[in-house]
Amino acid sequence: MLLKNVKLPDQTKLTDIRIEDGKFVQIKPDLIANDSEQVIDAHGNLLLPPYIDSHVHLDATQTAGQPRWNETGTLFEGINIWAERKQTLTIDDVKARAKKAIYRQVENGIQFVRSHVDVTDPSFTALKALLEVKEELKDVIELQLVAFPQEGVLSFPHGKELMEEAVKMGVDVLGGIPHYEFTREYGVESLKFIVDLAQKNDLLVDVHCDEIDDPQARGLETLATLAYETGMGDKITASHTTAMGSYNDAYCFKLFKLLKMSHINFVANPLVNTHLGGRFDSYPKRRGMTRVKELRDAGINVSFGEDDLKDPWYPMGDGNMLDPVYMGLVVGHLMGHEDILNSYNFVTNNAAKTLHITDHYGIKEGYPANCILLNGTNFYDVLNEHAEVLYSIHEGNILVETKPKEIKRNF
Ligand code: FE2
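Number 100 in full-length UniProt numbering belongs to position 100 of the sequence shown; there are no gaps in the numbering.
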C-alpha cells in the first residue's frame with residue numbers, strides 16, 4: 001500500500017509512505033507505486049498515529065439509566081447505582097456493551113485502549129467478559145485491562161485477595177482508589193499493597209487518585225513517593241487527581257518537585273471530571289480538573305481519556321477522542337494557537353507513553369503500520385470541524401473508511 005501526499009504533524013512538506021507486510025517500510029517524498037500496489041492519495045491531509053483512549057470503563061459502558069439515572073451528578077451516586085447494576089451483570093451483557101462501545105471507538109480512529117474493570121465482585125463477571133473481548137478483538141484494537149477496585153481494597157471484603165486473583169486471571173495493570181477508602185491510613189496502605197503487587201508481577205499501575213474536590217486528599221504524594229522509591233517511575237500513572245485543582249499553590253509548588261522526580265504519568269478526563277466536579281459547591285464552582293497546563297509545562301506526561309461512555313457517572317459519550325480534547329483545552333485554559341495545533345498529543349503520543357507502548361507505536365519506518373488519515377490538513381481544523389477519520393489503518397489493514405459528509409446548500 002502506498003499513501004501519497006501525506007501531511008505529518010512534525011513536517012512542513014508532504015511525504016509518501018509505503019506499507020508492506022503490516023509495517024511502515026519507507027517514509028519519504030516522491031515514492032513510485034509498484035505494479036498492483038494500492039494507492040491512497042491523502043491530498044495533503046493530516047496523518048497521525050491512531051488515537052488512544054488511555055482511560056475508560058468498558059465494563060460499565062452503555063448502562064446509563066440502569067436501574068436509574070444519576071440525578072445528582074456526583075461520583076458517589078454513580079458508585080451506588082453501579083453497585084446495584086453490577087449485581088445483574090452477565091458475561092454476554094458485558095461483552096455486548098463493551099463491543100458496542102469499542103466499535104464506535106474504532107470507527108472514530110481509536111486503536112489502543114486502557115480500560116479499567118471493576119474487580120470488587122467475587123464472581124469477576126466483568127473481568128472474564130473483557131478478557132474474552134480483548135482476545136476476540138485483538139486484530140482490531142489493543143486493549144489493556146486494569147484491575148480496578150471500585151469499592152476499595154481495604155474497605156471492601158477480601159479486597160486484597162480479589163486483586164491477587166485478578167493478577168492470576170491476566171490483567172495488565174493494577175488500579176486503586178485511595179480517596180474512597182474508609183480512612184487516610186487505608187488509602188496509604190492500599191497504595192503500598194498495589195505497588196508491591198505490581199512489582200512482584202511486573203505489571204503497570206494506574207490509580208484513580210484523589211478524584212474528589214477535597215484539598216486534603218493526598219493520595220498523590222504517596223503514590224509519587226512509591227514510584228520514586230521503588231524505581232517504578234513511569235510504570236505508574238495517576239488518573240484524575242482532581243483534588244489538585246483544589247490544592248493551595250504553596251503545597252503544589254512543593255508537590256511538583258516530587259512529581260518530576262517520580263516520573264509518573266497523569267491522565268485527566270476532562271469531560272467526566274468537569275461533569276462530576278464541583279457538585280458540592282454552590283458558587284464559585286470549581287472546575288474539577290487537575291492542573292493539566294502546569295503539569296505539561298513542568299515536563300510531566302499528561303494524556304486525556306474518555307473515562308465513561310453512557311454509564312452511571314456520565315450520560316454522554318460516543319467513543320470520539322476529539323470530545324475530551326476539546327473540553328480539556330477549554331477547561332484547562334489551553335487555547336493558545338500552538339496549544340490547539342499540538343493538542344493531538346494528549347490522545348496520541350502522550351497516551352502511548354502512559355500505556356508503555358512506544359516500542360510499537362508511532363509513524364516510523366519498521367514500526368507496525370498503525371495510523372489514521374484525517375479529513376483536514378492540521379489539527380486546529382480537525383478539532384474545530386470534527387473532521388472524519390477517512391482511513392484507520394491497523395497493521396497495514398484498512399479497518400475503517402469514512403466518506404466525508406456531503407452538504408447540499410440550497411441558498
Ligand atoms: Fe475512571
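Glycine residues also receive a C-beta, built at the ideal position from the N, C-alpha and C atoms.
With residue i and residue j assumed to form a contact (beta carbons below 8 Å), what rounded beta-carbon distance in angstroms separates them?
i	j	result
Asn301	Lys257	With a Cβ gap of about 17 Å, Asn301 and Lys257 do not count as contacting.
Ser282	Gly109	Not a contact, Cβ separation roughly 40 Å.
Gly176	Pro149	6 Å
Gly244	Pro270	Reading the sequence as shown, one finds Met at residue 244 and not Gly. Rounded, the Cβ-Cβ distance is 14 Å, inconsistent with contact.
Pro215	Asn248	7 Å
Val325	Leu383	6 Å
Cys371	Pro50	7 Å
Ile19	Gly396	5 Å
Leu31	Leu2	6 Å
Lys134	Leu143	4 Å
For residue i, which residues in the same chain have their Cβ closer than 6 Å to its Cβ, ignoring the five residues on either side in sequence?
i	result
Met316	none
Val292	Ala268, Val302, Gly332
Val171	Leu145, Ala147
His116	His57, Val146, Phe148, Gly175
Lys310	Gln62, Ala64, Gly317
Leu220	Cys209, Asp210, Ala238, Thr241
Please find out if some non-hydrogen atom of the ligand FE2 comes closer than 7 Å to the beta-carbon of residue i.
i	result
Asp307	yes
Ser239	yes
His116	yes
His179	no
His208	yes
His57	yes
Return the first residue and the last residue of the beta strand (DSSP E) that residue i is part of.
i	result
Asn5	2-6
Lys28	23-28
Leu399	397-401
Glu142	142-148
Tyr51	51-56
Asp172	Careful: Asp172 lies outside any beta strand (DSSP E) and carries neither H nor E.
Leu204	204-209
Ile17	15-20
Please report the residue range of the alpha helix (DSSP H) in which residue i lies.
i	result
Leu199	Residue 199 is actually Gln in this sequence, not Leu. Element bounds for Gln199: 184-201.
Glu221	219-230
His275	270-276
Thr125	125-136
Leu46	No alpha helix (DSSP H) contains Leu46, which DSSP labels as neither H nor E.
For residue i, I'd like the list of residues in its chain whose CB is within less than 7 Å of its CB, leaving aside the five on either flank, ordered along the chain.
i	result
Ala387	Leu374, Asn375, Gly376, Asp381
Glu365	Phe24, Val25, Gln26, Ile27
Leu276	Gly73, Thr74, Leu75, Gly288, Trp313
Leaving out five residues on either side along the sequence, give the residues of the same chain with a beta carbon under 8 Å from the beta carbon of residue i.
i	result
Gly152	Thr120, Gly159, Ile177, Tyr180, Glu181, Phe182, Tyr186, Ser190
His240	His208, Cys209, Asp210, Glu211, Val267, Ala268, Asn269, Asn273, Thr290
Ile340	Leu329, Leu334, Phe379, Tyr380, Leu383
Lys260	Ala298, Gly299, Ile300
If we define contact as Cβ-Cβ less than 8 Å, is residue i a contact residue for chain D?
i	result
Asn45	Here there is only one protein chain, and chain D is not present.
Can we count residue i as close to the ligand SAM, meaning its CB is less than 7 Å from some heavy atom?
i	result
Thr354	You won't find the ligand SAM in this model; what it holds is the ligand FE2.
Could you name each continuous alpha helix (DSSP H) segment of 4 residues or more that falls completely within the stretch 323-403, going from the start of the chain to the end?
-> 337-341, 349-355, 379-384
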